[in-house]
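There are 2 protein chains.
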Amino acid sequence: MLDTTFAALSDPTRRGILALLAEREHSVGELVEQFPITQSAVSRHLNVLEQATLIERRRDGQRRLCVLRSEALAEVDLWMERYRRMWDGKMRRLDKALRKGKKR
Amino acid sequence: MLDTTFAALSDPTRRGILALLAEREHSVGELVEQFPITQSAVSRHLNVLEQATLIERRRDGQRRLCVLRSEALAEVDLWMERYRRMWDGKMRRLDKALRKGKKR
DNA sequence: AGCATTTATCACCTATTGATCATATGTTGA
DNA sequence: TCAACATATGATCAATAGGTGATAAATGCT
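This is the structure we're talking about:
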């Protein structure tokens, strides 16, 4: 699953789509307007994102609305856990804070 | 840069290499032993990882040692920030803890 | 100097990706 | 039912990815 997720995230257009969907849901047409590629290409990108369970599409009349899903991103976050100790700062302090919080 | 990073992370062999390097540095030969592909293929994977600044290689006699670098992963972590609020629990509590900590 | 060891690179092959244009499918509303 | 709109899909293409075996290049050892 991480394979598909990372592959989906490796394209800047797809990350752009996710960024837009992070604000609010968009129809396919609205997304097409934001990128200098054809509707066809956008549709394929949406297929990739859906396949990676990074988005969901649902009908809304003749349009289809795209919504961000966070599970796959949460999985990436989990994968990164193992590496987090390698960069200092915020995360270290955060983890410390959490552990302290749990103890109480 | 994120393009390259995510693309590098999308391959399971490369993630496997990173996992090994997270424990300790390895020579190329040691890495080759761990995967069912040729030395040639591993060498290419290492090129990809190095290109993505996910690893560094340095000479050690006739061998070359591979070391994990965390900057690119930290960049991914930063990119994920925008999406973290979407899955509840740990992160939310952590952020709260941090904000409280800063206030004092 | 010459051979063994370790790693990188070359030439090659096949599969996948991201784009295009043209067309099909699904939905609304007159 | 039919025209218009919104989206998906098929055919095609060039570029890239990931694998292979053979060979080159760098270092160590005697």
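Same order as they appear, the protein sequences are chains A and B. Following UniProt numbering, the numbering of the first sequence begins with 1 at its first residue and continues without gaps. Following UniProt numbering, the numbering of the second sequence begins with 1 at its first residue and continues without gaps. By construction, the Cβ of each residue, glycine as well, lies at the ideal position given by its N, Cα and C atoms.
Does the distance from the C-beta atom of Ile17/A to that of Leu31/A stay below 9 Å?
Translated into positions along the first sequence, residue 17/A becomes position 17. Translated into positions along the first sequence, residue 31/A becomes position 31. Cβ atoms of Ile17/A and Leu31/A: closer than 9 Å.
When you compare only the Cα positions, how much space is there between Arg104/A and Arg82/A?
Looking up residue 104/A in the first sequence gives position 104. Looking up residue 82/A in the first sequence gives position 82. Note that Arg104/A scores 37 on pLDDT, short of 50, meaning its location in the model is unreliable; the coordinates nonetheless yield the value given after this. Just so you know, the alpha carbons of Arg104/A and Arg82/A end up roughly 25 Å apart.
Closest by C-alpha distance to Arg57/B, when choosing among Phe6/B, Val28/B, Glu71/B
Here residue 57/B is taken as the residue at index 57 of the second sequence, counted from 1. Here the closest residue by C-alpha is Val28/B.
Is the region 47-61 of chain A touching the region 31-43 of chain B, taking contact as three or more C-beta pairs under 8 Å?
Judged by pairs of C-beta atoms under 8 Å, the region 47-61 of chain A does not touch the region 31-43 of chain B, as fewer than three such pairs exist.
Return yes when the Cβ of Ser70/B is within less than 9 Å of the Cβ of Met86/A, no when it is not.
On the first sequence, residue 86/A is found 86 positions in, with the first residue counted as 1. On the second sequence, residue 70/B is found 70 positions in, with the first residue counted as 1. Taking 9 Å as the Cβ cut-off, Met86/A and Ser70/B qualify as a contacting pair.
Is Ser43/B helix, strand or coil when you go by DSSP?
Position 43 of the second sequence holds residue 43/B. DSSP places Ser43/B in helix when its eight states are reduced to three.
3-residue-minimum beta strand (DSSP E) runs that sit fully inside the UniProt domain "HTH arsR-type" (1-88) of chain A, ordered along the chain
List check, beta strand (DSSP E) in window: 55-60, 63-68.
Taking beta-carbon pairs under 9 Å, can you tell me which members of the region 52-81 of chain A lie near chain B?
When C-beta distances to chain B are compared with 9 Å, the residues of the region 52-81 of chain A below that value are Leu68, Arg69, Ser70, Glu71, Leu73, Ala74, Val76, Asp77, Trp79, Met80, in chain order.
Is the beta carbon of Met80/B less than 9 Å from the beta carbon of Val76/A?
In the second sequence, residue 80/B corresponds to position 80, counting from 1. In the first sequence, residue 76/A corresponds to position 76, counting from 1. Yes, these two residues count as a Cβ contact at 9 Å.
Ile55/B classed as buried or exposed, judged by whether at least 16 other C-beta atoms fall within 10 angstroms
By 1-based counting over the second sequence, the position of residue 55/B is 55. Buried, because 16 or more other Cβ atoms sit within 10 Å of the Cβ of Ile55/B.
Tell me which same chain residues have a C-beta within less than 7 Å of the C-beta of Val42/B, skipping the five on either side of it?
By one-based count along the second sequence, residue 42/B stands at place 42. Only Val28, Leu31, Val32, Phe35 meet the Cβ criterion.
Applying the 10 Å Cβ sphere with the 16-neighbour rule, what's the burial state of Thr5/A?
Within the first sequence, numbered from 1, the residue matching residue 5/A stands at position 5. By the neighbour-count criterion, in which 16 or more other beta carbons inside 10 Å mark a residue as buried, Thr5/A falls on the buried side.
Whether Ala72/A touches Thr53/A by CB criterion (9 Å)
Counting from 1 along the first sequence, the entry for residue 72/A is found at position 72. Counting from 1 along the first sequence, the entry for residue 53/A is found at position 53. It is a contact, given that the beta carbons lie within the stated cut-off.
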